Each structure stands twice: as structure tokens, then as C-alpha cells.
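Protein chains in written order, with the working numbering: chain P, 1 to 283; chain U, 1001 to 1294.
Note that the Cβ used here is the ideal one computed from N, Cα and C, for glycine as well.
None of the values given here were measured: they were computed from a predicted structure.
First the structure, in the form of C-alpha cells, and then the observations on it.
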């Protein structure tokens, strides 16, 4: 029997509590900052307790923005982020399901070539092809559009591999039975494969929603019009203003809280799916 | 690569199914990557009026450029620190959570959510805490007699972005280490305990070796993260400064290409990054293959 080791258990709890504090503290301080009126920052006396400005700050950030530094309200940015995250998650899942289906359930020339073409995208993150990708999007007239924000990001090798693995575990007898009953490929896909992959789709959706919401470089490149700013990249404009003469820290921190709230809530509310999705996509 | 034993006939159907994925791959991935490769061999003026084939001159210029070399060194320091800190803390918390047993789930919930925070947002959190005039940590440091100003001091700025990048990544490592620890057969650990091995010896001789595949996998993932996903951290806060002190490679590609419009140099940098990604991906897949055999 492994010794019960009271001392070790206490040390373990201590380490974990310390860990939780380190994780929570930056966010707590940001929250505190988001509840203090802007003038409190000038005195430099903001501690660990929330102030009285919560409602005003969030109202100002969401609906009016900062007129002094010319910063637009973040309400529309939240909406843009939501649209982009949903489009990326749904788009990636849809086209990956289709390609995994084609690769698993059909034999055709260039099948392996197609597989490798998809595989290569793993090695080409936006960061290594910034300028030329921007040029393509500009040539297609997709700057400052929702399609420009989402479509170039929805190719996915990871999702395709994941669904391929899921499909490979589905017994061939099911396919045979479906065919005897007269189901064509699309009928089989819709009525059998999709329902059987439901939990995998949900788990992947959680991961991809977070991925989409947290995009930074891409929206920075393809949006120059404030109407298409997403909140995660929009913060930078505000922080830049804060670093200059006119500090709007209360708005920066309010925006920061608003920017992280949706994805963090998704993780906490769907913890089991999140963990499943994370582990599966990295296999 | 195998397909199902039972397949559909289909004719044109599989091509239609693959069309959206392949179209996006070709238009937004392969074509631009090809362009980057091609451009890296040319010298072009900022207005794009003339271009001239220069072979590998852009790469040679890059290697001789002291600012590129210093950016490389900064990236190495940054990546090693981020991977080291976030792997170390992730492992520590995972060991503790594994030890705690049934209540591990509560801690898991409390520890994993930072994964959902965007790197740029995480950076703002730390940027604010360390702000020399309003940040609470900077104030605390001043009381301890340590001066802090990441607007002026390059080392301070680098430490700040390293902490922000690591903070966000701990939860990911924690989750994978915990899964790895829980997969280690209890009987092995118990047998060693019966033979009189203490906790430290058990960790060194049993847990650590069995955890090696997880550690290796996470090491690669963390290096990829530190190299490529941290653009937002730099761009949202320090902007590569003060001076060059936080200009990591991905930030430099962006700056040289988009702000200085030095297209040949930027393309050559893209190609260097591309080689790094290919190397790291190959490492990762070799590891997966080994896991399959094992």
C-alpha cells in the first residue's frame, strides 16, 4: 500500500491552492479595475477591492466607447467576434466532415493526394504566409467582410483527421445494411454517420469556437474598418491609447473582461466536452 | 492510407465532397505559401514597380542582419522560458491533483479555464498588473525596492511577456500531464512502495519515465505555441519594444512586411519560419508513430 502521507497531501493542496490563486489573481485585478471610475487610476490607489463604477464602465464600454481617445463601443465587436467564431467553428466542422467522408467511404483516383494536400495545411499557419495571404484576400475583395474574416481559416487538417478516425471505428456492417436498404452515400452520411459522430462534433465545436473567438493576427490584417473589428484585436487599439497620454485603463480592463468572458464561460459550462475535444484533436 | 472495406461507387461525388476543403487549401494556403517562397528569391522596391531575381541573397542578408540574429536569440530565450515555466508548473499541479485524488476535479475546473483566454487578452492582464504607474505588482515591487518599468527596460518587458505567455499555457499542460498520470497503472506504484521506495524515488524511476511520451509531446506543442501563437501577446502590449527587446520572429515578419514593406526580407523570414514549423511537425508525428507501435 502506498503510504497515505499526510504531509504530502497537505503540500499537494497547498500547491494547488497557490496555483488557483496565480490563475485567478490577474483576472480578479482586471475585474477590480473594471469597476473603478477612470479618475481613480490617476491617483494610483486601486487595490484589491471593487469600486462603485461597475455599471457605468460596462455601459460606457459596450455602448458609447471613449470619445476622448476615439475608441468605438465594443458591443458591435462582441457581435463580430461571435459571428466569426461561429462561422469558423461551423465551417471547419462542415467541410471536414465532408472531406473525411469522401476519404473514408470512396475509392477514387488521387484520394491519397487529396489527403496529403489537406495534411500540408498543418504546416502553414497564418504567421508564415502573412503577406501573400493578405494579398489573395485583398484581390478577392474580401477585406472588411465577414467572409474574409472566416473563410480563409476554415480549412482544417486536424478536424479532418479526427472525423476520419471516428468513421474508421464505425462497423462496416452498418454501411452494408444501409446499402441493402437502398440508402445512397448522402442518405447514409446524413442518417447514420452524422448521428453517430454527434458527441465528437460537439467536443470539437467547443474547441473551435474558442479558437475562432481568440483569433488575433487574422482580423488585424483583414479589417481596417471599425465596423468589422473583433473584440480581441480591438483591445489593442484601446491599450495603445492607454499607453499614450490619455489613460483609459477602466475601459481597457472592462473590454478585457468582456473579451474573455464568452470563451471562459464556454469552457466552464462544457468542461467535459472541452476536455474531450482538446485531447482528441491532439492525438 | 486505408479506406473502408465497404465503399460507395460515387463517380464525381467524392470530388464534390472534397471540393470546399481543397479549394480553401489551395487558394489560402498553398498559393500564398508558394508566393512567399517565390518572393523570397527576389528583391523588390517598396512600390512593387520592379523586381529582380537575387537567388538566396535575401537569406544571406537575413543571416548577416544583426537585428534578425538578435530576434532569433530573443525568440529562443522566450520559447525556452515559456516552455520551461508552463511545463514545470503544469507538471507540479498535475502531480498535486493526482495526489489529492477524488477532489482533483474541483481543482481541474479552477485551473483549466485560462486556456480559453486569448494570448493577447492574457498579455493585457499582465501588462496592467505590471504597469509602472497603476499596476499593483509594480507598486509591490517598488515597496520591496525593486524598480520596474517595462516601457523603458527591455529585460522587464521580456519577463512580462514570458509570464503572460506561460500563465495562459499552464492549464493545457496541466490537463495533459494529469491525463498521463492517471494512465499510469496504480499497481506499479504500489509495488514500488512495498519495496520501500519513497515518493521521490517512485517519481524518478517510475512516473517520470512513463510520462516521457506526454512530456515530449507537450514540449513540441509548447515550443510551437511560443514560436507562433504568441504574436498577439507582443503586438497588443510591447510592440516588440522597448528597442528590439521583445521582437520575436513572428512579430518581426509582420513588422518588416507590413510596416517597413520590406517584402523580400519578410518573405525570406516566412520561409525560415516555415522550415521551423515543418521540423516541429515532423517531430510531433514521429512521436505519434512511436506511440502507435508501443
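_residue 1081 (chain U): contacting residues in chain P (beta-carbon distance under 7 Å)_ = What residue 1081 (chain U) touches in chain P: nothing, since even the nearest Cβ is about 16 Å away.
_Which of the three DSSP states is assigned to residue 1171 (chain U) in this structure?_
helix
*Excluding the five sequence neighbours on either side, which residues of its own chain have a C-beta within less than 7 Å of the C-beta of residue 159 (chain P), listed in chain order?*
92, 93, 96 and 204
*Compile a chain-ordered list of the residues in the segment 163-183 of chain P whose CB is closer than 8 Å to at least one CB of chain U.*
167, 168, 172, 175, 176 and 179
*Excluding five sequence neighbours on each side, which residues of the same chain lie with their C-beta closer than 7 Å to the C-beta of residue 137 (chain P)?*
143, 148, 152 and 222
*DSSP on residue 156 (chain P), reduced to helix/strand/coil?*
coil
*Closest Cβ-Cβ distance between residue 127 (chain P) and chain U: below 9 Å?*
yes
*What residues in the segment 1099-1115 of chain U bring their beta carbon closer than 7 Å to a beta carbon of chain P?*
1099, 1100, 1107, 1109, 1110, 1111, 1112, 1113, 1114 and 1115
*Apply the 10 Å Cβ neighbour rule to residue 1251 (chain U) and answer buried if 16 or more other Cβ atoms are within range, or exposed otherwise.*
buried
_Only counting the same chain, and skipping five residues up and downstream in sequence, which positions put a Cβ closer than 6 Å to that of residue 72 (chain P)?_
65 and 226
_Distance, residue 1200 (chain U) Cα to residue 5 (chain P) Cα_ = 13 Å
*Identify which residue in P:127, P:145, P:236 and P:48 has its Cα closest to the Cα of residue 1127 (chain U).*
P:236
*Since residue 271 (chain P) is in the alpha helix (DSSP H), which residue starts that stretch and which ends it?*
271-281
*Listed from N- to C-terminal order along the chain, which residues in the segment 16-41 of chain P have their beta-carbon within a distance smaller than 7 Å of any beta-carbon of chain U?*
16, 19, 20, 23, 26, 27, 29, 30, 33 and 41
*Look at residue 1300 (chain U) and residue 1090 (chain U) and say whether their C-beta atoms are less than 9 Å apart.*
Past the boundaries of the shown model lies residue 1300 (chain U); chain U is included only from 1001 to 1294, so the question cannot be answered.
_Interface residues of chain U facing residue 5 (chain P) [CB-CB closer than 9 Å]_ = 1099 and 1199
*Measure the alpha-carbon distance for residue 1211 (chain U) versus residue 1181 (chain U) and round it to whole angstroms.*
7 Å
*Can you tell me whether residue 109 (chain P) is buried or exposed, with buried defined as 16 or more other CB within 10 angstroms of its CB?*
exposed
*Determine which residues of the segment 1147-1176 of chain U have a Cβ less than 9 Å from any Cβ of chain P, and write them out in chain order.*
1151, 1164, 1167, 1170, 1171, 1172, 1174, 1175 and 1176
*For residue 1228 (chain U), count neighbouring C-beta atoms within 10 Å of its own C-beta (all shown protein chains included) and say buried if the count is 16 or more, exposed if not.*
buried
_Limits of the beta strand (DSSP E) - the one that residue 1051 (chain U) falls within_ = 1051-1053
_Coil, strand or helix - residue 63 (chain P) by DSSP_ = helix
*asked:* I'd like to check one pair, residue 1082 (chain U) with residue 1193 (chain U): are the Cβ atoms closer than 9 Å?
replied: no
*Under 9 Å, do residue 74 (chain P) and residue 255 (chain P) count as touching if we go by C-beta distance?*
yes
*Which term fits residue 48 (chain P), buried or exposed, when burial requires 16 or more other beta carbons within 10 angstroms of its beta carbon?*
exposed
*Can you name the residues of chain U whose CB is closer than 7 Å to the CB of residue 256 (chain P)?*
1121, 1124 and 1125
*Helix, strand or coil: how does DSSP classify residue 1179 (chain U) here?*
helix
*Quick one: what's got a C-beta closer than 7 Å to residue 1 (chain P)'s C-beta in the same chain, skipping five residues either side?*
Because residue 1 (chain P) carries a pLDDT of 47, less than 50, the predicted location of this residue cannot be relied on, and no value is offered for it.
*Please decide whether residue 190 (chain P) counts as near chain U, where near means a Cβ-Cβ distance under 9 Å.*
no
_With three or more beta-carbon pairs closer than 8 Å as the criterion, would you say the segment 22-39 of chain P touches the segment 179-193 of chain P?_
no
*asked:* Quick check: the Cα distance between residue 1038 (chain U) and residue 1267 (chain U), rounded to an integer number of angstroms?
replied: 8 Å
*Report the option in P:101, P:81 and P:113 whose CA atom is closest to the CA atom of residue 145 (chain P).*
P:81
*Using a Cβ-Cβ distance under 9 Å, would residue 74 (chain P) count as near chain U?*
no
*Quick one: measure Cβ to Cβ for residue 284 (chain P) and residue 1008 (chain U), integer angstroms, because I've assumed they're closer than 8 Å.*
Here chain P has residues from 1 to 283 only, and residue 284 (chain P) is not among them.
*Closer than 9 Å to chain P by CB, residue 1216 (chain U)*: no
*Looking at C-beta atoms only, is the number of pairs between the segment 1067-1076 of chain U and the segment 1239-1255 of chain U that lie closer than 8 Å three or more?*
yes
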